[in-house]
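In the working numbering, the protein residues as written are 173 to 434.
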């Protein structure tokens, strides 16, 4: 409680907790634990060892929550006939809140409310403590859950940036886009948003440089050219097309219109 960290340090104990938390409010079958913890080669003693892990986790929950063992067994980490379940209420689990906020922010942006979407998505991103995929050792199913959440985090970043572009805060997202286009060098949507943000910040020459560097890298590394839509964006920048400054358009409709025009 307070500032005390009750997270287990033993890898397999952390893996059990991870599987339970990533499947919160759903029963995780015993067979899944055995496959994940022992990589499909569980020894005869594995079931007993799993019960010991669950026992240790319950003791940690008793300490962390200040609750009795009876309460933890019946209300927190519950045994079912074919597995175990961890119960989590609304607002108790950051991952669930994160997912809900991303969904809400996406809806607000689609509904034409970029200010509200920006605020909602900022709350979601403030909850992030990742990357989840390197935070613990676990099996295939747990890694798949972690990869899904990492991808959702990336989507939240793009939605947040797009909301701010639609709200006219292009200067505020230039730095974040500069980092993202280095982290995701093959994601042309990121480059497109970076170019648009730079143009709207009166840095059109910088936007053109972004395209030139991307085109050179793609040609040298892959023997390819940027997508047709990105080339249309480049031509629109050269012509200073006023459509580039239309904040009512989200990134995909904007690129589609530029492609049809240029």
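Ideal Cβ positions, reconstructed from N, Cα and C, are used throughout, including at glycine.
Report the option in 243, 244, 335 whose CA atom is closest to the CA atom of residue 274.
As a first step, residue 274 is located in the chain shown; it is residue number 102 there, counting from the start. Considering only alpha carbons, the answer is 335.
Entirely within the stretch 179 to 249 and at least 3 residues each: give me those beta strand (DSSP E) ranges in chain order.
List check, beta strand (DSSP E) in window: nothing returned.
Under 6 Å Cβ to Cβ from residue 312, same chain only, skipping five residues before and after it: list those, please.
As a working note, residue 312 is residue 140 in the chain shown. Answer for residue 312: no residue qualifies.
Does the ligand COA have a heavy atom nearer than 8 Å to the CB of residue 241?
As presented, the structure is devoid of all ligands, the ligand COA included, so that no description of it is given.
Output the boundary residues of the beta strand (DSSP E) element that contains residue 349.
For this step, residue 349 is matched to residue 177 along the chain shown. From DSSP, residue 349 is part of no beta strand (DSSP E) but of the alpha helix (DSSP H) over 342 to 355.
Just verifying my parser: in three-state terms, what is the DSSP assignment at residue 257?
Here the question's residue 257 lines up with position 85 in the chain shown. In this structure, residue 257 counts as strand in the three-state DSSP scheme.
State the Cα-Cα distance for the pair residue 328 and residue 293, rounded to the nearest angstrom.
As a working mapping, residue 328 is identified with position 156 in the chain shown. As a working mapping, residue 293 is identified with position 121 in the chain shown. Approximately 7 Å, taken between the alpha carbons.
I believe residue 226 touches residue 249 by the beta-carbon criterion, under 8 Å. Please report the beta-carbon distance rounded to the nearest angstrom.
If you number the chain shown from 1, residue 226 lands on position 54. If you number the chain shown from 1, residue 249 lands on position 77. Going by Cβ atoms, the distance from residue 226 to residue 249 rounds to 7 Å, so yes, they are a contact pair.
Just curious, the alpha helix (DSSP H) that residue 373 is in, first and last residue?
Position 201 of the chain shown, counting from 1, holds the residue named residue 373. Premise fails: residue 373 is in no alpha helix (DSSP H) and is neither H nor E.
Measuring only the C-alpha atoms, how far is residue 253 from residue 205?
The residue given as residue 253 occupies position 81 in the chain shown. The residue given as residue 205 occupies position 33 in the chain shown. Taking the straight line joining both Cα atoms gives about 14 Å.
Would you tell me roughly how many angstroms separate the C-alpha atoms of residue 189 and residue 229, rounded to the nearest one?
The residue labelled residue 189 in the question sits at position 17 within the chain shown. The residue labelled residue 229 in the question sits at position 57 within the chain shown. Taking the straight line from one Cα to the other gives about 8 Å.
Suppose you measure from the CA of residue 435 to the CA of residue 301; what does that come to, to the nearest Å?
Since the displayed the chain opens at 173 and closes at 434, residue 435 lies outside it and no answer follows.
Of the residues 412, 421, 419, 420, which one's Cα is nearest the Cα of residue 434?
Start at 1 with the first residue of the chain shown, and residue 434 comes out as number 262. Residue 434 has its Cα closest to that of 412, out of 412, 421, 419, 420.
Whose C-beta lies closer than 6 Å to the C-beta of residue 222 among residues of the same chain, with five residues either side of it excluded?
By one-based count along the chain shown, residue 222 stands at place 50. These residues qualify, in order along the chain: 205.
Tell me residue 252's beta-bridge partners as DSSP assigns them.
Residue 252 sits at position 80 when you count from the first residue of the chain shown. Partner(s): 255.
What number of angstroms, rounded off, separates the C-alpha of residue 422 from the C-alpha of residue 338?
The residue given as residue 422 occupies position 250 in the chain shown. The residue given as residue 338 occupies position 166 in the chain shown. Roughly 7 Å separates the two Cα atoms.
Could you check how far apart the C-beta atoms of residue 281 and residue 324 are, in whole angstroms? I think they sit under 8 Å.
Taking the first residue of the chain shown as position 1, residue 281 is located at position 109. Taking the first residue of the chain shown as position 1, residue 324 is located at position 152. Rounded, the Cβ-Cβ distance is 15 Å, inconsistent with contact.
Count the other CB atoms, across all protein chains shown, that sit within 10 Å of the CB of residue 400; report buried if there are 16 or more and exposed otherwise.
Mapped onto the chain shown, residue 400 falls at position 228. When all chains shown are included, residue 400 counts as exposed.
Helix, strand or coil, according to DSSP, for residue 409 in the structure here?
Here residue 409 refers to the residue found at position 237 of the chain shown. Residue 409 falls in the helix class under three-state DSSP.
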